[in-house]
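Please read the structure below before turning to the comments.
Number of protein chains: 4
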Amino acid sequence: MSGAQREKHEVILDSAFEIFGQKGFYETKISDITEHAGIAKGTMYLYFKSKEELFIAVTKRDWEKFLRDLQFRIKQADGLMPKLQQVAEHHLEYYYERKSHGKLFFHAPNNDPELMRLMHGFLTRYMAAVKEVLEEAGMPDPDFYAKAFIGMLDRLKMDILFEGEFTREELQQRVEQTVRLFMRGSEAELS
Amino acid sequence: MSGAQREKHEVILDSAFEIFGQKGFYETKISDITEHAGIAKGTMYLYFKSKEELFIAVTKRDWEKFLRDLQFRIKQADGLMPKLQQVAEHHLEYYYERKSHGKLFFHAPNNDPELMRLMHGFLTRYMAAVKEVLEEAGMPDPDFYAKAFIGMLDRLKMDILFEGEFTREELQQRVEQTVRLFMRGSEAELS
Amino acid sequence: MSGAQREKHEVILDSAFEIFGQKGFYETKISDITEHAGIAKGTMYLYFKSKEELFIAVTKRDWEKFLRDLQFRIKQADGLMPKLQQVAEHHLEYYYERKSHGKLFFHAPNNDPELMRLMHGFLTRYMAAVKEVLEEAGMPDPDFYAKAFIGMLDRLKMDILFEGEFTREELQQRVEQTVRLFMRGSEAELS
Amino acid sequence: MSGAQREKHEVILDSAFEIFGQKGFYETKISDITEHAGIAKGTMYLYFKSKEELFIAVTKRDWEKFLRDLQFRIKQADGLMPKLQQVAEHHLEYYYERKSHGKLFFHAPNNDPELMRLMHGFLTRYMAAVKEVLEEAGMPDPDFYAKAFIGMLDRLKMDILFEGEFTREELQQRVEQTVRLFMRGSEAELS
DNA sequence: AATGAATGAGGCTTCATTCAT
DNA sequence: GATGAATGAAGCCTCATTCAT
Numbered sequence: 009m010s011g012a013q014r015e016k017h018e019v020i021l022d023s024a025f026e027i028f029g030q031k032g033f034y035e036t037k038i039s040d041i042t043e044h045a046g047i048a049k050g051t052m053y054l055y056f057k058s059k060e061e062l063f064i065a066v067t068k069r070d071w072e073k074f075l076r077d078l079q080f081r082i083k084q085a086d087g088l089m090p091k092l093q094q095v096a097e098h099h100l101e102y103y104y105e106r107k108s109h110g111k112l113f114f115h116a117p118n119n120d121p122e123l124m125r126l127m128h129g130f131l132t133r134y135m136a137a138v139k140e141v142l143e144e145a146g147m148p149d150p151d152f153y154a155k156a157f158i159g160m161l162d163r164l165k166m167d168i169l170f171e172g173e174f175t176r177e178e179l180q181q182r183v184e185q186t187v188r189l190f191m192r193g194s195e196a197e198l199s
Numbered sequence: 009m010s011g012a013q014r015e016k017h018e019v020i021l022d023s024a025f026e027i028f029g030q031k032g033f034y035e036t037k038i039s040d041i042t043e044h045a046g047i048a049k050g051t052m053y054l055y056f057k058s059k060e061e062l063f064i065a066v067t068k069r070d071w072e073k074f075l076r077d078l079q080f081r082i083k084q085a086d087g088l089m090p091k092l093q094q095v096a097e098h099h100l101e102y103y104y105e106r107k108s109h110g111k112l113f114f115h116a117p118n119n120d121p122e123l124m125r126l127m128h129g130f131l132t133r134y135m136a137a138v139k140e141v142l143e144e145a146g147m148p149d150p151d152f153y154a155k156a157f158i159g160m161l162d163r164l165k166m167d168i169l170f171e172g173e174f175t176r177e178e179l180q181q182r183v184e185q186t187v188r189l190f191m192r193g194s195e196a197e198l199s
Numbered sequence: 009m010s011g012a013q014r015e016k017h018e019v020i021l022d023s024a025f026e027i028f029g030q031k032g033f034y035e036t037k038i039s040d041i042t043e044h045a046g047i048a049k050g051t052m053y054l055y056f057k058s059k060e061e062l063f064i065a066v067t068k069r070d071w072e073k074f075l076r077d078l079q080f081r082i083k084q085a086d087g088l089m090p091k092l093q094q095v096a097e098h099h100l101e102y103y104y105e106r107k108s109h110g111k112l113f114f115h116a117p118n119n120d121p122e123l124m125r126l127m128h129g130f131l132t133r134y135m136a137a138v139k140e141v142l143e144e145a146g147m148p149d150p151d152f153y154a155k156a157f158i159g160m161l162d163r164l165k166m167d168i169l170f171e172g173e174f175t176r177e178e179l180q181q182r183v184e185q186t187v188r189l190f191m192r193g194s195e196a197e198l199s
Numbered sequence: 009m010s011g012a013q014r015e016k017h018e019v020i021l022d023s024a025f026e027i028f029g030q031k032g033f034y035e036t037k038i039s040d041i042t043e044h045a046g047i048a049k050g051t052m053y054l055y056f057k058s059k060e061e062l063f064i065a066v067t068k069r070d071w072e073k074f075l076r077d078l079q080f081r082i083k084q085a086d087g088l089m090p091k092l093q094q095v096a097e098h099h100l101e102y103y104y105e106r107k108s109h110g111k112l113f114f115h116a117p118n119n120d121p122e123l124m125r126l127m128h129g130f131l132t133r134y135m136a137a138v139k140e141v142l143e144e145a146g147m148p149d150p151d152f153y154a155k156a157f158i159g160m161l162d163r164l165k166m167d168i169l170f171e172g173e174f175t176r177e178e179l180q181q182r183v184e185q186t187v188r189l190f191m192r193g194s195e196a197e198l199s
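Residue numbers (my numbering), protein chains in the order written: chain A, 9 to 199; chain B, 9 to 199; chain C, 9 to 199; chain D, 9 to 199.
Here's what the structure looks like:
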């Protein structure tokens, strides 16, 4: 693939990311994407076999970056708590930056086995990365704890995606609260 | 609405719940639903204005029941931990019973403002119910804690929906783990 | 299928016969057919699964009638020569009546195995019917002679299909010439 | 046109003959042909104005050769029967060599007046050549007899094109049978 | 001359919705 | 109320052709 082609490949992916993110898979027309990219409808089919495949490519690229950045952040930090803080920050910032792409996460094509496999693979790799952090710290049942931690973060993403007025400061506060809750619990009196 | 009518109304909702749950909104045809219900396609339009409205009605009925049952369970239990246990159990059992309806939760129609409002309202009511439990126990920042708790549960639902071999015993174990984590944290050495 | 439906089924077949016959499979649009039939485009798909299937149905109906009429004519006639005359007349009249449907015979969809099987079956049945006539008369190698006879007729159909000014009288003359040639040869001096 | 150009012109025609022959006009893509020829898609348009024109050129080249070879064979032979034998042999061998190119003869582009004129011209020239042979032998109504003779041959080609196991020996046998039938008739008892 | 990326018109098919019975 | 045949808008995708390099 030549330089120019690679570029167009990226242009299409960028455009698809944008439009799929705003409208979701089913409500997006190929022509929406190509018009936004400033190319002809047929051109998309030179780079991707179908609408489904384009969606998969968009998802893949986004997730790969997510995992790559996550690994980098985890490596940078030292100690359990700083590492968890990095995970939390990364998770929430990821959605923060994609505030206007909420549909990407909720409206994927159904019944597409390749996409299903892909998604499952990414979730597994994400969990494995967190689990490793917990294992290193000698935590028991790291599988369960990794899921719970990610779960908390994932619920909080909803506020970010759907509340317009979320600030970076609030985001930082959530990160700290989440890590603290995860480490020490809600500190409620047992009753 | 006469008795017979009410019944047909329910029959359609049952059928729609079934099919939407299996295929998601976009991949479901009206004819799938009406055939499964044993009625003619046109009949559906006597009871619901459109496919979207039917989906909304299905969602509404399911959520209302979810919240009603939740309230009942919370009222039955006494004390913070038993109440949280009820919440956790209810959340996970709900998905456990809907194992084969995963698509219902992931493939709603896009860009339908009414559905968006509805979903937001249900999530808010769910959170409010949990928040109330935490407030009663004098927990600070109950808003955040409620979200985190629900988040943990919601992540765990994924295992239930997508892992075929999940048993009720494992479910119970998750409930207890989650509540303990929430109350006391992961008890990791601070590092 | 109700009476009205059967009728529409026939209306579509008639229209398809007309248009396919004039333009051939590939140059015919579904909308050509449905407009000519005075129905909506989608209606065709209530009666036939695809353009290919419609073409096959048209072909089938036409050939079945051809073979049915052939059998009837053969049965009516008595003796080898009268029977052969009936065959020749039937063959040429068939094309005479379809003067304006030449494309039907030349532009079927490629690579459609079902159509291929169908066509082969019809040709075989046609040949078998002629062969039977020859066998009854005690002719040796009836297989070869049946093919040769049909071949002569089939070549003559070209004149009918593509020469505008062909009359019924000429047709009758061809019938007689063909049968005579077939029976007695060209009577050329052997050289 | 330089030597190299002439060569590429031929390469394209060869490739087109191959692919059109296998798939027919409509199911053949320009890219099928150019890929098979090892050239770029655009290159074809340097030598031929359109897909239709390429098809016409392929047909023309093939028919011209057919008629040239026919004339040569007829000239070589002496006497009516030997000449007819040459015609029959040529006709059947032509298709025998094109066993795998059946689609060429059945799926030409519709509605192309130039092709129609061309085909008609070739058929006329073919018939004229045979007619001349018959006229020389003093046969009456040579027009009709020429058509009938070609018709018999043309029907027999079907066996060659569609029966996989046809041998050269069988071909020779058919040639002789056909000529004998044509000369002396089926020798059936008149009934 | 040769290339092959880009174009965009056009066709098949689907399916939510309507409405005459 | 119930039916289901009919509608037709809409979208995915193909592929002959062009043209800048």
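Every residue, glycine too, gets a C-beta built ideally from N, C-alpha and C.
As the structure is a prediction and not an experimental result, all values here were calculated from the model.
Using a Cβ distance threshold of 8 Å, residue 103/B and residue 169/B count as a contacting pair. In the structure shown, the three-state DSSP call for residue 125/B is helix. Residues of the segment 149-160 of chain D whose Cβ lies closer than 9 Å to any Cβ of chain C, in chain order: 149, 152, 153, 155, 156, 157, 158, 159 and 160. Residue-level contact by beta carbon holds for residue 163/B and chain A, with a gap shorter than 8 Å. Residue 25/A holds the alpha-carbon nearest to the alpha-carbon of residue 107/A among 160/A, 25/A and 13/A. Using a 10 angstroms sphere on the CB of residue 165/D, the tally of other CB atoms reaches 16 or more, which defines it as buried. Two segments are said to touch when three or more pairs of C-beta atoms, one from each, lie closer than 8 Å; by this definition the segment 76-84 of chain C does not touch the segment 19-37 of chain C. When rounded, the separation of the alpha-carbon atoms in residue 133/B and residue 72/B is 10 Å. Shown here, residue 192/B sits in a helix according to DSSP, grouped into three states. In the three-state reduction of the DSSP assignment, residue 175/A falls in the coil class, being assigned neither a helical nor a strand state.
As the crow flies, the alpha-carbon of residue 18/A is around 17 Å from that of residue 60/A. Taking 8 Å as the CB threshold, residue 93/C stays off the interface with chain D.
For a Cβ distance threshold of 7 Å, residue set 193 and 194 of chain C lies close to residue 190/D, ordered along the chain. DSSP places residue 148/B outside both helix and strand once states are collapsed to three, so it counts as coil. The DSSP-derived three-state label of residue 120/C is coil. Counting the other CB atoms within 10 Å of its CB gives residue 148/C a total below 16, which places it among the exposed residues.
By the criterion of at least three beta-carbon pairs nearer than 8 Å, the segment 149-164 of chain A is in contact with the segment 176-195 of chain B. Residue-level contact by beta carbon fails for residue 103/C and chain D, as no gap is shorter than 8 Å. In the structure shown, residue 184/B falls within a helical segment according to DSSP collapsed to helix, strand and coil. Taking a Cβ-Cβ threshold of 7 Å, the residues of chain B close to residue 186/A are 156, in chain order. When CB distances to chain A are screened at a threshold of 7 Å, the residues of the segment 31-55 of chain B falling below it are 31, 32, 34 and 35, in chain order. A residue is called buried when at least 16 other Cβ atoms come within 10 angstroms of its Cβ; residue 162/A meets this threshold and is buried. Interface residue (Cβ-Cβ distance to chain C less than 8 Å): residue 109/D is not classified as such. Taken atom to atom, the span from the alpha-carbon of residue 138/A to that of residue 154/A is near 6 Å.
Chain order gives no chain D residues near residue 130/C, where near means a beta carbon separation below 8 Å; the closest approach is about 12 Å. Setting aside the 5 residues that flank it on each side, residue 98/C is surrounded in the same chain by 77, 78 and 81, each with a C-beta closer than 7 Å to its C-beta; the list follows chain order. Of the candidates 20/D, 128/D, 16/D and 41/D, the residue whose Cα lies closest to the Cα of residue 27/D is 41/D. Residues of chain D with a Cβ closer than 8 Å to the Cβ of residue 170/C are, in chain order, 128. For residue 106/D, the three-state secondary structure derived from DSSP is coil. With respect to the 8 Å criterion, residue 64/B and residue 123/B are classified as neighbours on the basis of their beta carbons.
A distance of 8 Å or more separates the beta carbons of residue 88/D and residue 136/D.
Ranking 68/B, 109/B and 85/B by CA distance to the CA of residue 31/B puts 109/B first.
Under the three-state reduction of DSSP, residue 47/B is assigned to coil, being neither helix nor strand.
In this structure, residue 131/B keeps its C-beta atom at 8 Å or more from the C-beta atom of residue 68/B. If you compare the alpha carbons of 83/A, 85/A, 70/A and 15/A with that of residue 52/A, the shortest gap goes to 15/A.
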